[in-house]
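Some notes on the structure that comes next.
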Amino acid sequence: MKIVIAGAGAVGTHLARLLSGERQDCVLIDESDDRLAAVAEYDVMTLQASPTSIQALKDAGVQSADLFVGVTTEESVNIDCCILAHALGAKKTVARIDNYEYLSQQNQDLFRTLGVDALVYPEVLAAIDIVNGLKMSWVRQRWDVHDGALVLLGIKMRQQAEILNQPLKDLCGPDDPYHVVAIKRGDETIIPGGLDVLQVNDLAYFMTTKDYIPYIRKIVGKEHYTDVQNVIIMGGGKSAVRAALTTPDYMHVKIVEIDAARCERLNQLLEDNPAMVIHGDGRDMALLQEEGIRNTQAFVALTDNAETNILACLSAKKMGVRKTIAMVENLDYVSMAESLDIGTIINKKTIAASRIFQMMLNADVHNLRSLMLVDADVVEFVAAEGSRVTRHVVKDLGLPFGVTIGGMVRDGVGMLVNGNSQIQAGDTVMVFCHEQKLKSIEKFFKKSTLF
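Now the structure itself:
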C-alpha cells in the first residue's frame, strides 16, 4: 500500500512511525528540513516541499496513492492538499481539522464531494477519552466497544487487589466474566497467557461486559474510590470545551483559565452549559482551595505545557484529589508521567494517528486504538464471509505470538472469547496485539475464497 503524509508534526511523525513498522510504501512531505530530519530513523521517504504544490504531490506519487493524509498544523492546508491529491488520483484522503462545525453529517458529505473522504479532529477525540476517564474514578482508561456491548478497562493493580499472584488460567476461565488482555509491567508489555500473573503496580487491561464492571471493581480492590461528581479543569482550550459539553449531567465542572480574553470566549461557548469559568492560574494552590479542590474528585490538566500539567496533577493529588488526568503532548514525558502515577494520560496526536492508521487496513476495521502506555494495539475487526478466522475454533487458528482475542459482538450482544469459541462471519472481534503486528492479523479477517 502506498501512503502519502503531508505534515511532519507530531501526528504525521507518529503515523510515519506506525507505518514504518508495517513496512508500507510511505512518503512524508513537509516544508521544514528539521522536522523531516527527525524521522530519519524511520523507513519512510521524505520530500521537502509545500504540501499544496501540485508538482510536489506528483513527485510524491499521489496519483498512485492508496491513502493521502493531510495533518499539518493548518486546517486550510490540509483540506486544500487533500482536494488536490484526490484530483490527481489518490484513492482515499483524510484531513486533520480544528473546526467542530465540519463534523456534522451534512458537512462531511459536502467534503466528500470535494474529495476529502474523512475528517479527524484530535481535540474531539481527546475529549471522548477525558470524559470516559472521568466516568470511572478507579480506572486509568476506559473504552466502550460497539456502543458498550464490551468494555475495556485499564486498571492499576494495588496491594488490595484479590487477584494478584495467581495464574490467569485460574482466574479467567471460560465461565469467568472477564479476560486480562494486556499488562504493562515497568517498561515491558505483556500479551498474557494462562501462566502469567498480575503483580502490584501492573497496569492491567480487562475486557468485560457492562454488567460485570462492579465485579471487576471488587476484585481489583477499588470499591472505596469515590465516584466523580466535582471536576476542575485547568486550561480552557478546545479539548476542555468539548469535555465540558459532553460530561454527564451529574458532574459539576469548573474550568480555570489564565487568559482573560479566553475566559470571555469560554463563557460564550458554554453559555447554555452549567460549567463555571474561572479566571485564574490553575497552579495557584490558594485559588484551588478557594474553589473547593478538597471536595473535588477529579482534576484535569489540559494546558499546552506537559510539565505544567504533570506538576499540577501531582499538586492536586497531594491535596486529596483521587482522579487526575493530564494532557501530555510531548511523548518523551509520557513514561515519566506514568511513573509518577499521574493517572489517565491523554495525547490527542497519538489518538488521531491511530484513527488514521485504521484507514489503511484492508480488512473491515471499525476502530483501532494504540494503548499509549503499553506497546500494544486494540482493534475491532469484522470477520468477513469465508475469512480464515471463521474456519476453526479460536485455539486452532494459529494466531501469531503476542496476539489474543478478548471478546466479540454478535447481533449487538457482547461476549467473551475462549479457545473453544467459534467466530462467525459478521462478528465484530476485539484483537489485542503488540504494535507492528496488525498486518499479520489482518489477513485472518479478510474475505477469501481459498479453503
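At position 125 of the sequence shown the residue is numbered 197 (my numbering), and the sequence of numbers has no breaks. Glycine included, each C-beta is placed from N, C-alpha and C at the ideal position.
Taking only the alpha-carbon atoms, compute the straight-line gap between K420 and H464 and give it to the nearest angstrom.
-> Going by C-alpha positions, K420 is about 38 Å away from H464.
Which ranges does the beta strand (DSSP E) cover as unbroken runs of at least 3 residues, wholly within the segment 296-360, from first to last along the chain?
-> The beta strand (DSSP E) runs of length 3 or more contained entirely in the segment 296-360 are, from start to end of the chain, 302-306, 324-329 and 348-351.
Which of helix, strand or coil does DSSP assign to E401?
-> DSSP places E401 in the coil class of the three-state scheme, outside both helix and strand.
Output the boundary residues of the beta strand (DSSP E) element that contains C244.
-> Where C244 is concerned, there is no enclosing beta strand (DSSP E), given that its DSSP letter is neither H nor E.
Buried or exposed (CB count within 10 angstroms, at least 16 for buried), N381 | Of the other Cβ atoms in all chains shown, 16 or more fall within 10 Å of the Cβ of N381; this residue is therefore buried.
What are the boundary residues of the alpha helix (DSSP H) that T422 is part of?
-> K420 to F429 is the span of the alpha helix (DSSP H), which, as asked, contains T422.
Between the beta-carbon of C153 and the beta-carbon of T185, is there less than 7 Å?
-> Cβ atoms of C153 and T185: not closer than 7 Å.
One or two residues paired with A167 in a DSSP bridge | Paired residue(s): G142 and L191.
Should I227 be listed as close to the ligand NAP, given that the test is whether its C-beta is under 6 Å from any heavy atom?
-> This structure lacks the ligand NAP; in fact it carries no ligand of any kind.
Would the beta-carbon of I235 fall within 7 Å of that of L275?
-> For I235 and L275, no; Cβs fall outside 7 Å.
Are the C-beta of D259 and some C-beta of chain B separated by less than 7 Å?
-> As a matter of chain content, chain B is missing from the structure shown, which is built from one protein chain.
From I423 to R168, what distance separates their C-alpha atoms?
-> In this structure, the alpha-carbon of I423 lies about 12 Å from that of R168.
Could you give the DSSP three-state label for A456: helix, strand or coil?
-> Reduced to three states, the DSSP call for A456 is coil.
Mapping DSSP to helix, strand and coil, what is H86?
-> In this structure, H86 counts as helix in the three-state DSSP scheme.
C-alpha gap between R460 and N302, whole angstroms | Going by the C-alpha atoms only, they are around 49 Å apart.
Return the CA-CA distance between E260 and L471, expressed in angstroms with no decimal places.
-> Linking E260 to L471 through their CA atoms gives a straight-line distance of about 21 Å.
What separation, rounded to the nearest whole angstrom, lies between the Cα atoms of N434 and H296?
-> Note on N434: pLDDT 49, under 50, position unreliable in the model; the coordinate value appears next. Between N434 and H296, the C-alpha separation is close to 45 Å.
Under the three-state reduction of DSSP, which class applies to L267: helix, strand or coil?
-> In the structure shown, the three-state DSSP call for L267 is coil.
Does the beta-carbon of T145 have 16 or more other beta-carbons within 10 angstroms, so that it is buried, or is it exposed?
-> Exposed, by the Cβ-count rule.
Among G484, L469 and V481, which has the Cα closest to the Cα of G491?
-> Closest option to G491, Cα to Cα, is L469.
Take M117 and list the residues in its own chain whose beta-carbon comes closer than 6 Å to its own, dropping the five residues that flank it on each side.
-> Correct list, in chain order: V99.
CA-CA distance, L175 and L191?
-> Using only the alpha carbons, I get a separation of about 7 Å.
Just how far apart, CA to CA, sit P264 and K518?
-> Rounded to the nearest angstrom, the two C-alpha atoms are 26 Å apart.
Tell me whether Y277 sits in a helix, a strand or coil according to DSSP, three-state version.
-> It is a strand residue.
Cβ distance (whole Å) where K282 is taken to contact G220 below 8 Å | Contact between K282 and G220 holds, with the beta-carbon distance rounding to 6 Å and staying under 8 Å.
Note down the Cα distance separating T500 from M480, rounded to an integer number of angstroms.
-> Those two C-alpha atoms are separated by around 5 Å.
For H251, does the three-state DSSP call read helix, strand or coil?
-> Three-state DSSP puts H251 in a strand.
What is the rounded straight-line gap between the Cα of S493 and the Cα of V466?
-> Each residue's alpha carbon lies about 6 Å from the other.
Spatial distance of V503 from Y322 (CA atoms) | V503 and Y322: Cα-Cα distance of roughly 34 Å.
Touching or not, the segment 324-343 and the segment 388-398, by the rule of three or more beta carbon pairs under 8 Å?
-> Counting Cβ pairs under 8 Å, fewer than three are found: no touch.
Beta-carbon proximity check, V134 vs A425, cutoff 7 Å | Result no, Cβ atoms of V134 and A425 do not sit closer than 7 Å.
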